[in-house]
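Read through the structure below, which is laid out as structure tokens, and then see the notes.
Residue numbers (our numbering): 63 to 355.
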């Protein structure tokens, strides 16, 4: 009987301790709140955002190809375009005007939206960029010597000159973005389309003097230098408000300063096959600051 009484007393004491412990735990949970089902490992990169950017660039306008195309257009139907049968050189191929290069400063706005899937971040961004100083320039070339073009009964001593001007005013891009979040840092790549605006002018002039080479016509004569491409001497094709479509690609690194404010550094490559008849490439390095909503 004594053993049974001791066992019953022990069981009663254990139950009382368990009840007290359970009650204390429940009270403690009520004071501190329940534990979250999931706790994020880092900041959220998703959502709408916008900001400003600025930087520097290196622009290259293909003046050589533009000048050769203009020369070909103006000399169509004449012997100065050459031929494989006569082995004559093509006058446009002799042009060496070179590239119009500049180092512009840039500034603008950007806005976009992105979504985060664990560490992967994908989104869409648009930006507008204005070009400040160093928008473009002018390159000129004059043929250093006359080239002889023999024909039936005469020979022409041909020469030419050309000038190409090109300037970039501003451009707009629409791009896809993909990045990978490392806490508060996110490297990313971007690719999309671009619309550029600027102005170009291509001036071309050519002429020749003619020498009589027919031995049987009984006349020896020489025609003085005469413009071929009309009057005024330097004929210009201008596009003061030229636009051109192209593509853009690049990459960069963003860093969250707070949960809503970020900074970025970015490289972009822009290619426009024809801006008023002149192909253009632009490399830019820029920094930006933005707000995420």
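Idealized CB from N, CA, C, for every residue including glycine.
Here the structure is a predicted model, which is why all the values come from computation and not from measurement.
Cutoff 6 Å; reference residue 136; Cβ partners in own chain excluding five residues on either side: The sequence position of residue 136 within the chain shown is 74, counting from 1. So the qualifying residues of the chain are 266, 291.
Bridge-paired residues (DSSP) for residue 122: As a working note, residue 122 is residue 60 in the chain shown. DSSP, once it has assigned bridges, lists 163, 343 as partnering residue 122.
Rounded straight-line distance, which links the Cα of residue 191 to that of residue 317: Taking the chain shown and counting its residues from 1, one reaches residue 317 at position 255. Taking the chain shown and counting its residues from 1, one reaches residue 191 at position 129. The alpha-carbon of residue 317 is positioned some 22 Å away from that of residue 191.
Residue 96 burial status per 10 Å Cβ neighbour count (16 or more: buried): On the chain shown, residue 96 is found 34 positions in, with the first residue counted as 1. Here the model assigns residue 96 a pLDDT of 46, short of 50, so the residue's position is not dependable and the matter cannot be decided.
Buried or exposed (CB count within 10 angstroms, at least 16 for buried), residue 154: For the purposes of this step, residue 154 is taken as the residue at position 92 of the chain shown. Label assigned to residue 154: buried.
Below-8 Å beta-carbon distance, residue 350 vs any chain C residue: Among the protein chains of the structure shown there is no chain C, as only one such chain exists.
Close-in-space but distant-in-sequence residues of the same chain around residue 118 (CB under 8 Å, 5 per side omitted): Taking the first residue of the chain shown as 1, we reach residue 118 at position 56. For residue 118, same chain residues with a beta-carbon under 8 Å away, outside a window of 5 residues either side, are 165, 166, 167, 168, 346, 347, 348 in chain order.
Cα-Cα separation, residue 94 to residue 105: The residue given as residue 94 occupies position 32 in the chain shown. The residue given as residue 105 occupies position 43 in the chain shown. With a pLDDT of 47 at residue 94, under the threshold of 50, the modelled position of this residue cannot be trusted; read the value that follows with caution. If I take the Cα positions, the gap works out to 24 Å.
Selection from 309, 320, 252, 246 that minimises the alpha carbon distance to residue 233: What you label residue 233 is simply residue 171 of the chain shown in a count that begins at 1. Of 309, 320, 252, 246, the residue nearest in Cα terms is 309.
C-alpha distance - residue 207 paired with residue 221, whole-angstrom precision: The count along the chain shown starts at 1 and reaches residue 207 at position 145. The count along the chain shown starts at 1 and reaches residue 221 at position 159. If I take the Cα positions, the gap works out to 7 Å.
C-beta contact flag for residue 306 and residue 228 at 8 Å: Within the chain shown, the letter at position 244 stands for residue 306. Within the chain shown, the letter at position 166 stands for residue 228. It is not a contact, given that the beta carbons lie outside the stated cut-off.
Those residues which DSSP pairs with residue 323 across a bridge: Taking the chain shown and counting its residues from 1, the one referred to as residue 323 is at position 261. In the DSSP output, where bridge partners are listed per residue, residue 323 has 353.
First through last residue of the beta strand (DSSP E) which encompasses residue 297: Locating residue 297 in the chain shown gives position 235, where the first residue counts as 1. Counting along the chain, the beta strand (DSSP E) containing residue 297 begins and ends at 297 to 318.
Whether residue 111 touches residue 355 by CB criterion (8 Å): The residue you call residue 111 lines up with position 49 of the chain shown. The residue you call residue 355 lines up with position 293 of the chain shown. Residue 111 is a Cβ neighbour of residue 355, given a cutoff of 8 Å.
Sufficient close CB pairs (3 or more, under 8 Å) joining the region 209 to 225 to the region 169 to 177: Contact between the region 209 to 225 and the region 169 to 177 is absent, because fewer than three Cβ pairs lie under 8 Å.
Alpha carbon of residue 131 to alpha carbon of residue 143, nearest angstrom: In the chain shown, counting from the first residue as 1, residue 131 sits at position 69. In the chain shown, counting from the first residue as 1, residue 143 sits at position 81. Here the alpha carbon of residue 131 sits roughly 12 Å from the alpha carbon of residue 143.
Reference residue 109, options 332, 324, 339, 331, closest by Cα: For the purposes of this step, residue 109 is taken as the residue at position 47 of the chain shown. Per the Cα distances, 324.
Reduced DSSP category for residue 210 - H, G, I as helix; E, B as strand; rest coil: If you number the chain shown from 1, residue 210 lands on position 148. Strand, per DSSP.
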